[in-house]
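Report on one structure; see the data block that follows.
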Amino acid sequence: WQLLKSELEIQFLYKDYFKYDTDDISPKFIRHLEKEAQRSQLILKKESSGLVVMGKPHDVFEMMNFVHKSLSKPSLELSCAPTRGTVDFLKFAAECPISLPTYWRFGKFHGVDSQSKSTEPVLKTVGRRTKSAIEKLVNDTWSSHLVGNGRDARGLSHSNIRVTDVKRVENHFLFNAYSARRRQMFERKSAEERVCTPVEQLRGSKGGVLTTEKIEGFMKRELYHEVNEHYMFHGTKQEAVPAIINTGLDPRVASSVCMWGSGVYAAENPTKSDQYTDDRQCGFNRSDKKILILARLLLGDIFVCDDSHSSLHCKYSV
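Under full-length UniProt numbering, residues 1 to 318 are what the sequence shown spells out, in order.
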């Protein structure tokens, strides 16, 4: 009897475990898995240590592959995600688990990465495809006729810049904090029943964000345009880079005498950001390598400033 029981369990109640922190998996995704399990005639149980899937071996394998593939995708690509650019999508995104970028070095899902032995920020050399895309982005957005224009660029006369190396900052704690604030924006806009107004639709705007328009499609695959998430350039001196790697761009350390006061300054044009990569008090030195940051920024609700704005307006954002 025991032998028969074991054989039946192997054939019809094969068991596999999906060891993720189920508190990090949205209820909506769990319901989606339950429907998939029912369709495949599987038993799906939620336990404190993760999910248990039982049924015929082949069906269990198929289900486990489906779960792994789904959670290795950003939430905006899940098969159960509503249409992009809608309030329903904002509500869905607000419920999704916080996940690290799928292209990062250690795994793809928060539950895996939180167990990683390395939680310190790391600099990872990007692949050839990403490096080529960033080189192209810099070239396509560079404006040589703007070099030397403006008070902060006085003395510059070079015609272009060349990308020699590209490294990606992988800071788990910083990105999780960023994602948590982004989720707050999802929740707030969901409550308002509207997405953020795109830059190109703002009063006084001259068009969309140039970096987003020019960047390769695969690099903006995980951005949320519903809350105006974009890549933009930021120029800084070399000695400031370690602090940025560890704590991100901090508006509190910006000078209050900047054009719009203290804040995080970024540009869609690297020509502008490039002029801040030198210590101007020591004079410009174009013979050394400089550091330019391509930052992932959550702009949220934004507005266009002009000469009539003497200071930065207060506006809730994250």
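All C-beta atoms in this analysis are idealised placements derived from N, C-alpha and C, irrespective of residue type, glycine included. Since the model is a prediction, treat every value here as computed from it, not as a measurement.
Query: Should residue 143 go down as buried or exposed, given a rule of 16 or more other Cβ atoms within 10 Å for buried?; Result: exposed
Query: Does the Cβ of residue 123 have 16 or more other Cβ atoms within 10 Å, making it buried, or fewer, making it exposed?; Result: exposed
Query: The alpha helix (DSSP H) spanning residue 245 covers which residue range?; Result: 241-247
Query: With a CB to CB cut of under 6 angstroms and the five nearest residues on each side skipped, what residues in its chain are close to residue 290?; Result: 277
Query: Tell me where the alpha helix (DSSP H) around residue 215 begins and ends.; Result: No alpha helix (DSSP H) contains residue 215, which DSSP labels as neither H nor E.
Query: Within this structure, are the beta carbons of residue 274 and residue 161 separated by less than 9 angstroms?; Result: yes
Query: When you compare only the Cα positions, how much space is there between residue 58 and residue 16?; Result: 11 angstroms
Query: Tell me whether residue 173 sits in a helix, a strand or coil according to DSSP, three-state version.; Result: helix
Query: Using 10 angstroms around the beta-carbon of residue 298, count the other beta-carbons present and answer buried if the total reaches 16, otherwise exposed.; Result: buried
Query: Over what stretch of residues does the alpha helix (DSSP H) that includes residue 303 continue unbroken?; Result: Here residue 303 belongs to no alpha helix (DSSP H), and DSSP marks it neither H nor E.
Query: List the endpoints of the continuous alpha helix (DSSP H) containing residue 271.; Result: 270-274
Query: By DSSP's criteria, residue 125 is part of a beta bridge. Which residues make up the other side?; Result: 167
Query: Among all the DSSP beta bridges, which residues are the ones paired with residue 296?; Result: 231
Query: When you compare only the Cα positions, how much space is there between residue 207 and residue 84?; Result: 21 angstroms
Query: Helix, strand or coil for residue 134, going by three-state DSSP, please let me know.; Result: helix
Query: Using a Cβ-Cβ cut-off of 8 angstroms (strictly less than) and excluding sequence neighbours within five positions of residue 14, which residues of its own chain qualify?; Result: 54, 55, 56, 57 and 60
Query: Can you find the residues in the same chain that come closer than 7 angstroms, C-beta to C-beta, to residue 271, ignoring five residues on each side of it along the sequence?; Result: 142, 143, 146 and 147
Query: Thinking just about the alpha-carbon of each residue, which of 227, 42, 37 and 135 is nearest to the one in residue 76?; Result: 227
Query: Where does residue 237 sit, in a helix, a strand or coil, going by DSSP?; Result: coil
Query: Give me, in chain order, the residues of the same chain whose beta-carbon lies closer than 6 angstroms to that of residue 62; leave out the 5 immediate sequence neighbours on both sides.; Result: none
Query: Does the Cβ of residue 246 have 16 or more other Cβ atoms within 10 Å, making it buried, or fewer, making it exposed?; Result: exposed
Query: Give the DSSP-derived three-state secondary structure of residue 76 in the structure shown.; Result: helix
Query: So what does residue 16 bridge to, in DSSP terms?; Result: 53
Query: Output the boundary residues of the alpha helix (DSSP H) element that contains residue 47.; Result: No alpha helix (DSSP H) contains residue 47, which is instead part of the beta strand (DSSP E) from 43-47.
Query: On the three-state DSSP scale, how would you describe residue 94?; Result: helix
Query: State yes or no: is the beta carbon of residue 138 nearer than 9 angstroms to at least one beta carbon in chain D?; Result: Among the chains in the structure shown there is no chain D, since it carries only a single protein chain.
Query: By how many angstroms is the C-alpha of residue 139 removed from the C-alpha of residue 177?; Result: 32 angstroms
Query: Please classify residue 180: does DSSP put it in a helix, a strand, or coil?; Result: helix
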